[in-house]
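Notes for the one structure printed next.
Number of protein chains: 2
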Amino acid sequence: MVKRTPEETSEETSEGTSAGPSKSSSAAAPPRTPRRTDGLSREVIVQAATELLDGGGESALTLRALTVRLSTGYGAIYHHVADKGDLLAAATDDVITRVLADMVMDADPREALRRMAVGLFDAIDAHPWVGTELSRQPWRPAMVEFYESIGRLLDALAVPEPARFDAAGTLVNYVMGVAGQNAANARRRAGDDTDRAAFLDNVAEQWAQLDPDRYPFVHAATTRLREHDDREQFITGVDIFLAGIAALH
Amino acid sequence: MVKRTPEETSEETSEGTSAGPSKSSSAAAPPRTPRRTDGLSREVIVQAATELLDGGGESALTLRALTVRLSTGYGAIYHHVADKGDLLAAATDDVITRVLADMVMDADPREALRRMAVGLFDAIDAHPWVGTELSRQPWRPAMVEFYESIGRLLDALAVPEPARFDAAGTLVNYVMGVAGQNAANARRRAGDDTDRAAFLDNVAEQWAQLDPDRYPFVHAATTRLREHDDREQFITGVDIFLAGIAALH
DNA sequence: CTTTCTTTGGATCGGCGATCCAAAGCGCAT
DNA sequence: ATGCGCTTTGGATCGCCGATCCAAAGAAAG
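Protein sequences, first through last, are from chains A and B.
In terms of the numbering used here, the numbers along the first sequence are unbroken and rise by one, the last being 277.
In terms of the numbering used here, the numbers along the second sequence are unbroken and rise by one, the last being 277.
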């Protein structure tokens, strides 16, 4: 078999009519890069997609980039994957599943709930694109594990059945909200070369310039905006909801 | 104002060379559609964009569709608008501002908070694309009004200053989470021609087929999933939050 | 009327997701 | 072993998108 180096392929494309299929094959023998020896698979593709996403955000996942990274063509990828959405969903499921696998359920239900929420928070913090995709498709199969754990822990907290469903949904909605916001911040951080502190300073400055008479609260909150820690604030929010759930009996 | 009928534009385009700049003008006089008499403006464009978004979701807002709807060209639009993101943000601000303008602050802070959250919920329910854009950019200028109102109402609820900032953020995050989820549902509804009930039935059926031993909570929640009302569940969540605030002092 | 500036229309570009097809390998039946 | 069909691969191609660019058309200034 002739080992052909991946040089430039044919530059001059046929300038045939616009819609004509290439039925009558021309004389020129088309050079082909050799077929890959190691088999492509859905897992390999998902893995490569995850690395692209982690490296450059959601915009870095393009079919073109995938073909380059895997040294293959479009057809090979689309043979294992339905479309780009399928790929993004699979990568998200992958991350979520991994997070849940590492989770240990504590004895105290309250602490376990807090730990689960924080686990999801940290995962989204590490992979912001997961937050975006998750807030777009909150009912992925991988999330069922989450709902189940939350439901059980609420049961352990003696939340009665009629309210348990609403309580679980509320908690999930809160986590999703933070996820989306975090992902948005991370996106902005990557887009601009201003880091998180600079971005917050920017918002805080705009807030500080508001009329203190019309916007007393926002105007006064600028200091806290600069200093606050996202993770701690998130946990505080979880505690608020847990307290509210306990108060509802 | 002269309403120009949307007649056919020029059909036959010039078939110039592929990459050559049209410096040396050829002999053929290029036919031009007449210039519009009524002035274009940023507001008119934002209005048209909103109608497109309401009509066909986020994917319906394309520059091409805008030029057709306004009977104009790309250049005219880009003269008034920075880029597509600017346009989407402006349309979102427009909707949010309108919602806030119609809001009346009640005497009871608890009821007022509930009303504000529901107002945002209803607006996003009516314009799902607002939810997506809002969860992507939670710090739009139009949202400052919201933060301010929430802060004042929390103050009226005697939430002390150190906790007020966290509490306001938590509530906003919760609302954002619901917003994103709602927008996702609406998107799916529009994509498939299955309506909301059919979609929920689909999810519920998948849940029902899970192993009842491994997933007792999710398996049992299918009935509630089918029957629950999004709006009521959202309000329940707000009440949980309010109870949590009260419990934490 | 002439010049200058603002606003408009549309050709064009590069990049994207998706489709399609032929080549290449692989396995099974003969 | 040999031919034949099925699976997998590589890449040309299509249509559409956002964005850029430029010349024409009018409005304003002189």
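Even glycine gets a Cβ: it sits at the ideal position worked out from N, Cα and C.
These figures come from a predicted structure and were not determined experimentally.
For residue i, the nearest candidate out of the options (CA to CA)
i	options	result
A76(B)	T65(B), D66(B), A93(B)	A93(B)
G103(A)	L68(A), L270(A), M204(A), A151(A)	L68(A)
G85(A)	P156(A), E255(A), D121(A)	P156(A)
A236(B)	L185(B), A191(B), D136(B), A249(B)	A249(B)
D114(A)	P169(A), R192(A), R224(A)	P169(A)
I105(B)	A196(B), R70(B), R224(B), G272(B)	R70(B)
D82(A)	K112(A), V123(A), V109(A)	V123(A)
G147(B)	R259(B), H277(B), D267(B), I273(B)	R259(B)
E158(B)	H247(B), A271(B), N230(B), R126(B)	What sits at residue 158(B) in the sequence shown is Val, not Glu. With distances taken between Cα atoms, V158(B) lies closest to R126(B).
L98(A)	D153(A), L228(A), T78(A)	T78(A)
T198(B)	K112(B), R254(B), D153(B), F269(B)	F269(B)
F149(A)	M204(A), A271(A), H107(A)	M204(A)
D229(B)	M131(B), H256(B), E189(B)	H256(B)
A212(B)	A196(B), D66(B), I152(B), M171(B)	I152(B)
M171(A)	A118(A), E189(A), L182(A)	A118(A)
D194(B)	H107(A), R254(A), Q234(A)	R254(A)
W167(A)	A232(A), F227(A), S87(A), D121(A)	D121(A)
L116(B)	L128(B), S87(B), V132(B)	S87(B)
H277(B)	T61(B), F227(B), E189(B)	E189(B)
V132(A)	A110(A), K112(A), L181(A)	L181(A)
D267(B)	A129(B), Y202(B), D66(B), E233(B)	Y202(B)
A196(A)	R252(B), A129(B), D66(B)	R252(B)
D239(A)	A232(A), E233(A), H247(A)	H247(A)
Supposed contact pair residue j and residue i - C-beta distance, whole angstroms, cut 8 Å
i	j	result
R64(B)	T100(B)	6 Å
L91(A)	L80(A)	So it is not a contact: roughly 11 Å between Cβ atoms.
A191(B)	P137(B)	Actually they do not touch by this definition, with Cβ atoms about 15 Å apart.
R217(A)	R224(A)	6 Å
V187(B)	I273(B)	6 Å
A275(A)	A275(B)	5 Å
So, do the region 169-176 of chain B and the region 233-251 of chain A have three or more beta carbon pairs nearer to each other than 8 Å? Touching, yes.
- [ ] Answer yes if the region 154-163 of chain B comes into contact with the region 195-212 of chain B, meaning at least three C-beta pairs across the two stretches below 8 Å, and no otherwise.
- [x] Yes, the region 195-212 of chain B touches the region 154-163 of chain B.
Per the contact definition of three or more C-beta pairs closer than 8 Å, is the region 257-267 of chain A in contact with the region 132-151 of chain A? yes
What residue ranges within the region 50-132 of chain A form continuous alpha helix (DSSP H) runs of no fewer than 4 residues, ordered along the chain?
70-84, 91-98, 102-108, 112-129
Could you name each continuous alpha helix (DSSP H) segment of 4 residues or more that falls completely within the region 188-250 of chain B, going from the start of the chain to the end?
189-219, 224-236, 244-248
Query - Runs of beta strand (DSSP E) lying entirely within the region 133-157 of chain B, each at least 3 residues, in chain order - result: none
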